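Colleague:
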Amino acid sequence: MDIDDLAARILAGERRALARAITLVESRRDDHRAQTLALFEALKGHDREALRIGLSGTPGVGKSTFIETFGLMLTAQGLKVAVLAVDPSSARSGGSILGDKTRMDHLSRDPNAFIRPSPSQTHLGGVARRTREAIDLCEAAGFDVVLIETVGVGQSETVVAEMSDLFLLLLAPAGGDELQGVKRGIMEMADIILVNKADGDLKATATRTCADYAGALRLLRKRPQDPQGFPKAMTVSAYENVGLTNAWAEMQTLTQWRRDHGHFAARRAAQARFWFEAELKQTLLARLEREPMKGLVQSLGRAVEQGVMTPGQAADDVFAQLEGRAPPTS
Ligand code: GDP
4 MDIDDLAARI
14 LAGERRALAR
24 AITLVESRRD
34 DHRAQTLALF
44 EALKGHDREA
54 LRIGLSGTPG
64 VGKSTFIETF
74 GLMLTAQGLK
84 VAVLAVDPSS
94 ARSGGSILGD
104 KTRMDHLSRD
114 PNAFIRPSPS
124 QTHLGGVARR
134 TREAIDLCEA
144 AGFDVVLIET
154 VGVGQSETVV
164 AEMSDLFLLL
174 LAPAGGDELQ
184 GVKRGIMEMA
194 DIILVNKADG
204 DLKATATRTC
214 ADYAGALRLL
224 RKRPQDPQGF
234 PKAMTVSAYE
244 NVGLTNAWAE
254 MQTLTQWRRD
264 HGHFAARRAA
274 QARFWFEAEL
284 KQTLLARLER
294 EPMKGLVQSL
304 GRAVEQGVMT
314 PGQAADDVFA
324 QLEGRAPPTS
């Protein structure tokens, strides 16, 4: 594969080259990993920056409908929109509930849009790396907005929030007691809560739900990265395209304020740092799970079980081996 050519075509905004590069990024082969690193080296130095928007919500809340309507609204304004997915279900079962090609039918045929379904990988960590690198590739290809979608399951929200400039939480209209169902930690991550399906019979409920969440948001500790009035809750109807222009205006207001006050760049810097440390831990763990370390860890584990060694001694032996300090004692 000619990496320089691939890089040039990505920089020229070719969607096929972008798709090919993401496939490379997703590969677990060592030679592909080396090519990926070479590709990022070749892409270095461009100064393109997309707005990275994380979007979370449980299945059925209207994520794909929202992304389709919102994405088409942005492309109609001349913006280029990429959609990526972090799908913990595909990590677990190999099946996917996000990002499959039949969803977002119109947007997927829009020449200014790029939709990439979630890969099936065994570790959320693997999906996280792939998604981060896919975001970087989308930026290099000149996309203005990158939407990163996830479902409200497990750790995936934290993963997405750690790679987004803005984090949106999409909710359905619900009775008052269901408000408890949204975990506090997730509320604290949200910059804007969108109560979807504010149309027809559901409109009044949506308005009430929105007021409840607005109240709950006011009780949260004020964050330095928020101007007056944020985080906020709003109603939208993805289906009838109501409130989306307003939501986009709020996203832009928030982003501009954060840029002006240094929070935008600071958040990206902190995220880069976070992912560096996550990569280190993951790489280290992967080495421990591969031979020859795997066998050593297992035999030391048995020695610890039998009381022949202390846990601390055994761990030290593992690190001695990793660092080439001394041969293992067992
Ligand atoms: P996802 O699983 O979160 O991606 O949700 P979908 O976008 O597939 O939507 C789930 C269901 O909710 C579908 O039947 C949609 O037609 C419906 N839906 C989505 N957005 C709206 C909306 O704004 N209003 C109403 N009434 N229904 C909606």
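Just remember that this note's numbering sits 3 ahead of the position in the sequence shown, which is counted from 1.
Positions of the beta carbon are idealized from the N, C-alpha and C atoms, including for glycine.
Remember, it's a predicted structure, so these values are computed and weren't measured experimentally.
Within the same chain, show all residues whose beta-carbon is closer than 8 Å to that of Glu52, passing over the 5 residues directly before and after it, in chain order.
Modeller: Within the same chain, Glu52 has close Cβ partners Glu142.
Colleague: DSSP puts Gly57 in a beta bridge; with which residues?
Modeller: Ile151 and Phe170
Colleague: For Ile70 versus Asp168, is the C-beta spacing smaller than 9 Å?
Modeller: At the C-beta level, Ile70 and Asp168 stay beyond 9 Å of one another.
Colleague: Can you round the beta-carbon distance between Met237 and Gly246 to whole angstroms, since I take them to be within the 8 Å contact cut?
Modeller: 6 Å
Colleague: Could you give the first and the last residue of the continuous beta strand (DSSP E) run that contains Arg237?
Modeller: Checking the sequence shown, residue 237 turns out to be Met, not Arg. From DSSP, the beta strand (DSSP E) with Met237 extends over Lys235 to Thr238.
Colleague: So what's Gly102 in DSSP terms, helix, strand or just coil?
Modeller: Below a pLDDT of 50, predicted positions are generally treated as unreliable, and Gly102, at 49, falls in that range; no measurement from the model is reported.
Colleague: Answer with buried or exposed for Leu174, where buried requires no fewer than 16 other C-beta atoms within 10 angstroms of its C-beta.
Modeller: buried
Colleague: So if DSSP puts Ala85 in a beta bridge, which residue, or which two residues, is it bridged to?
Modeller: For Ala85, the pairing in a beta bridge is given by DSSP as Phe117 and Val149.
Colleague: In chain order, which beta strand (DSSP E) runs of at least 3 residues are fully inside the segment 177-253?
Modeller: 195-198 and 235-238
Colleague: Comparing C-alpha positions only, which one of Leu150, Asp34 and Thr61 sits nearest to Val84?
Modeller: Leu150
Colleague: May I ask you to check if the CB of Val2 is nearer than 8 Å to at least one heavy atom of the ligand GDP?
Modeller: This structure leaves residue 2 out entirely; the chain is present only between 4 and 333.
Colleague: What's the call for Phe322, buried or exposed, on a 16-neighbour Cβ count within 10 Å?
Modeller: exposed
Colleague: Roughly how far, in whole angstroms, is the beta-carbon of Gly74 from the beta-carbon of Val86, given that I think they are within contact range, below 8 Å?
Modeller: 7 Å
Colleague: For the alpha helix (DSSP H) containing Asp5, name the first residue and the last one.
Modeller: Neither: Asp5 is in no alpha helix (DSSP H) and is coded neither H nor E.
Colleague: Using a Cβ-Cβ cut-off of 7 Å (strictly less than) and excluding sequence neighbours within five positions of Ala137, which residues of its own chain qualify?
Modeller: Ile25, Val28, Leu87 and Arg119
Colleague: Could you say which of Asn115, Met76 and Met190 lies nearest to Glu17 if we only look at CA atoms?
Modeller: Asn115
Colleague: How is the alpha helix (DSSP H) around Asp90 delimited, first residue to last?
Modeller: Careful: Asp90 lies outside any alpha helix (DSSP H) and carries neither H nor E.
Colleague: With burial defined as no fewer than 16 other Cβ atoms inside 10 Å of the residue's Cβ, what is the status of Lys66: buried or exposed?
Modeller: buried
Colleague: Give the secondary structure of Thr313 by DSSP, where H, G and I count as helix, E and B as strand, and everything else as coil.
Modeller: coil
Colleague: Let me confirm a value: Pro234 is counted as buried when at least 16 other C-beta atoms fall within 10 Å, else exposed. Which label applies?
Modeller: buried
Colleague: Figure out for me which residue from Leu222, Leu197 and Val307 has the closest Cα to the Cα of Arg211.
Modeller: Per the Cα distances, Leu197.
Colleague: Could you check if Ser67 belongs to the surroundings of the ligand GDP, using beta carbon to heavy atom distance under 8 Å?
Modeller: yes
Colleague: Any heavy atom of the ligand GDP within a distance shorter than 8 Å of the CB on Asp108?
Modeller: no
Colleague: Here's the rule: buried if 16 or more other CB atoms are within 10 angstroms of the residue's CB, otherwise exposed. What is Ala250?
Modeller: buried
Colleague: Any heavy atom of the ligand GDP closer than 8 Å to the Cβ of Ser240?
Modeller: yes
Colleague: In angstroms with no decimal places, state the Cα-to-Cα distance between Leu334 and Ala217.
Modeller: The requested residue 334 does not occur in the structure, where the chain is confined to residues 4 to 333.
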